[in-house]
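Undergrad: Take this structure, written in structure tokens, and hold onto it; I'll ask about it next.
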Amino acid sequence: MATTTEFVPPRSGRIDKKYNRVPGKKGNFEMVAWLFMRISGLFLVVLIFGHLITNLLVGDGINGLDFGFVAGKWADPLWQFWDLAMLWLAMLHGTNGVRTIINDYADKDRTRFWLKMVLYFATVVIVVLGTLVIFTFDPCIPGSPLEVCN
Amino acid sequence: MSTEAVEPASKIDLAAVGGGGGEIPQFDITLRVRRYNPEVSEEAEWEDFTLTMFGTDRVLDALHKVKWEHDGSLSFRRSCAHGICGSDAMRINGRNRLACKTLLKDLDTSKPITVEAIKGLPVEKDLIVDMEPFFQSYREIMPFLVSKGHEPSGERYQSPEDRERYDDTTKCILCAACTSSCPVFWTDGQYFGPAAIVNAHRFIFDSRDDAGDMRLEILNDKEGVWRCRTTFNCTEACPRGIQVTKAIAEVKQAVLARSM
Ligand code: HEM
Ligand code: SF4
Ligand code: FES
């Protein structure tokens, strides 16, 4: 099936150069990115609404939300996993979304490149920091009134 | 989403004209045209023309009146004047339309009617743009029947159902209204654009054609179907009422299905 892919576009000579397409890299990256947006979107609906409902509606609702509440949640591996999945999916989804926006709105390749570098840097920092916090979180700050710390 | 664009309600009270060939009502309009002549100035500017037009006139008739009676230097393309050749796509009141299919009475004539060249392609003069980048993308998707094997000794038969599969995309007149209404194309003109995808769709889903795979590979490019953000500007702009965004979505699905 893939025998017919060697195709040289018949670009004519008198075309304004800025419209000439640089032959793209082979591969399915853009397709996979497109698919990922939809699949991660589906998961995010469940994760985000689950997150909002447990944090803001159930029990004391928003009034019960404090350091202790968060500490309690992160003592449970289910919520650790939940928040980790939400962090990674939202970050990759959001980053790819902003990558798309940069591609759509920046008109020079140099601008595109630097905006994306800033974006990827920010993503890596947040994902690494977030993951670290979820797994190394210690509710027992000095003078903690929490029961588990006594 | 409606399948057929609804005829806009007339914004002008046209007295009912009997069957007796009564008088056609007249009204005044201001036509505000984006003029550009690189031999005079690098800057484009708006120029107003006040014209007395008939209730049956189209934007194209107003342009003709300017060119023939006011300013012969006004430049625009038109050929058939009946929505068939696709030469006169332009931005009318900010929307891509064919001048020959847009009746003046359907526009708000209390305000100036703005007419400018379609966006995203290099303007050559007034309303004329260089269509070459547009046609280049069109050529790249190989808009012709490619078949394997021996020449058939008879006609190539196709069932009515198979013919129906791609009927919508056979209607394209290559006016570029869709491609030049797409914000992704405006940015850098790299995107293949809706029209190229529509015309690829025309062959990809034709049961007689054997090069669908090749076209799908071409449109799997980073400037191909995945740049579509489903804005629906193209569907809104198409003077043939083609469901352009739907056709693009079908090609996306075909690329996906092929890679799975
Ligand atoms: C609630 C669940 C969510 C769903 C169902 C969802 C779905 C989607 C889909 C399908 C796209 C692709 C649009 C396209 O290709 O044209 C998209 C784009 C995007 N998403 Fe989400 N998303 C969700 C949550 C989020 C979150 C939490 C963020 C931020 C971290 C986010 C940021 C973005 C951005 C920046 C874009 C790019 C915008 C664009 O292409 O116009 N989304 N989303
Ligand atoms: S799809 Fe419609 S708007 Fe686009 S070029 Fe063809 S006829 Fe014109
Ligand atoms: S002049 Fe031919 S389509 Fe309008």
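Chains A and B, in that order, give the protein sequences.
Using full-length UniProt numbering, you'd call the opening residue of the first sequence number 1 and step up by one each time.
Using full-length UniProt numbering, you'd call the opening residue of the second sequence number 1 and step up by one each time.
Where a beta carbon is used, it is the ideal one built from N, C-alpha and C, also for glycine.
In this text, all values refer to a predicted model and were calculated from it rather than measured experimentally.
With C-beta atoms as the reference, is R35/B less than 8 Å away from E42/B?
TA: no
Undergrad: Could you round the C-beta distance between I242/B and C182/B to whole angstroms and report it? I think they count as a contact, below 8 Å.
TA: Actually they are not in contact, since the Cβ atoms of I242/B and C182/B sit about 14 Å apart, beyond 8 Å.
Undergrad: Given that a residue counts as buried once 16 or more other Cβ atoms are within 10 Å of its Cβ, and exposed if not, what is D209/B?
TA: buried
Undergrad: Taking a contact to mean a Cβ-Cβ separation below 8 Å, would you say E132/B touches R14/A in this structure?
TA: yes
Undergrad: Please confirm if K65/B has its CB atom under 8 Å from at least one CB of chain A.
TA: no
Undergrad: Does the beta carbon of G130/A fall short of 7 Å from some heavy atom of ligand 1?
TA: no
Undergrad: So who's on the other strand from M53/B, going by DSSP bridges?
TA: F27/B
Undergrad: Measure the C-alpha to C-alpha separation of F49/B and M91/A and round it to an integer number of angstroms.
TA: 54 Å
Undergrad: Would the beta-carbon of C85/B be found less than 7 Å away from any heavy atom of ligand 3?
TA: Yes; taking the cut-off as 7 Å, the Cβ of C85/B has a heavy atom of ligand 3 nearer than that.
Undergrad: Can you find a CB in chain A that lies within less than 8 Å of the CB of T114/B?
TA: no
Undergrad: For the alpha helix (DSSP H) that T100/A lies in, which residues bound it at each end?
TA: P77 to Y105
Undergrad: Please list the terminal residues of the continuous beta strand (DSSP E) segment that includes A89/B.
TA: A89 to I92
Undergrad: Since V115/B sits in a beta bridge, which residues does DSSP pair it with?
TA: V33/B and I92/B
Undergrad: Could you tell me whether the Cβ of E30/A comes closer than 8 Å to any Cβ of chain B?
TA: Under the Cβ distance rule, E30/A counts among the residues neighbouring chain B, one pair being separated by less than 8 Å.
Undergrad: Any beta carbon from chain A within less than 8 Å of K148/B's own beta carbon?
TA: no
Undergrad: Beta-carbon of Y120/A versus every beta-carbon of chain B: anything under 8 Å?
TA: no
Undergrad: Would you check whether ligand 4 has a heavy atom nearer than 7 Å to the C-beta of S180/B?
TA: Ligand 4 is absent from the structure shown, which contains only ligand 1, ligand 2 and ligand 3.
Undergrad: Could you please tell me which residues of the region 125-141 of chain B, in chain order, have their CB closer than 8 Å to any CB of chain A?
TA: D130, E132, P133, Q136, R139 and E140
Undergrad: Check whether chain A comes within 8 Å of G189/B, counting only Cβ atoms and requiring the distance to be less than that.
TA: yes
Undergrad: Hey, is D107/A's beta-carbon within less than 8 Å of any beta-carbon in chain D?
TA: Among the chains of the structure shown, chain D does not appear; the protein chains present are A and B.
Undergrad: What three-state label does DSSP hand D48/B in the structure shown?
TA: In the structure shown, D48/B sits in a strand (DSSP, three-state: E or B).
Undergrad: Would K18/A pass as an interface residue toward chain B - the criterion being a Cβ-Cβ separation below 8 Å?
TA: yes
Undergrad: Tell me whether C234/B counts as near ligand 3, meaning its Cβ is closer than 7 Å to at least one heavy atom of that ligand.
TA: no
Undergrad: How many angstroms separate the CA atom of D167/B from the CA atom of H201/B?
TA: 10 Å
Undergrad: Do R227/B and V184/B have their CB atoms nearer than 8 Å?
TA: yes
Undergrad: With DSSP run on the structure shown, which of helix, strand or coil describes residue 263/B?
TA: Nothing about residue 263/B can be read from this structure; chain B reaches only from 1 to 260.
Undergrad: CA-CA distance, D88/B and F121/A?
TA: 47 Å
Undergrad: Does DSSP put R97/B in a helix, in a strand, or in coil?
TA: strand
Undergrad: Tell me whether the beta-carbon of A237/B lies closer than 8 Å to the beta-carbon of T169/B.
TA: no
Undergrad: Would you please verify whether the beta carbon of W34/A is less than 8 Å from any beta carbon of chain B?
TA: For W34/A, the answer is yes, since a Cβ of chain B falls inside 8 Å of its Cβ.
Undergrad: Once the 5 residues before and after M37/A are set aside, which same chain residues still bring their CB inside 8 Å of it?
TA: H93, N96 and G97
Undergrad: Going by DSSP, name the residue or residues bridged to L63/B.
TA: Paired residue(s): none; L63/B is not in a bridge.
Undergrad: For L103/B, which of helix, strand or coil comes out of DSSP?
TA: If DSSP states are grouped into helix, strand and coil, L103/B belongs with the strands.
Undergrad: Using a Cβ-Cβ cut-off of 8 Å (strictly less than) and excluding sequence neighbours within five positions of I113/B, which residues of its own chain qualify?
TA: I29, T30, L31, R32, V59, A62, I92, N93, L104 and L107
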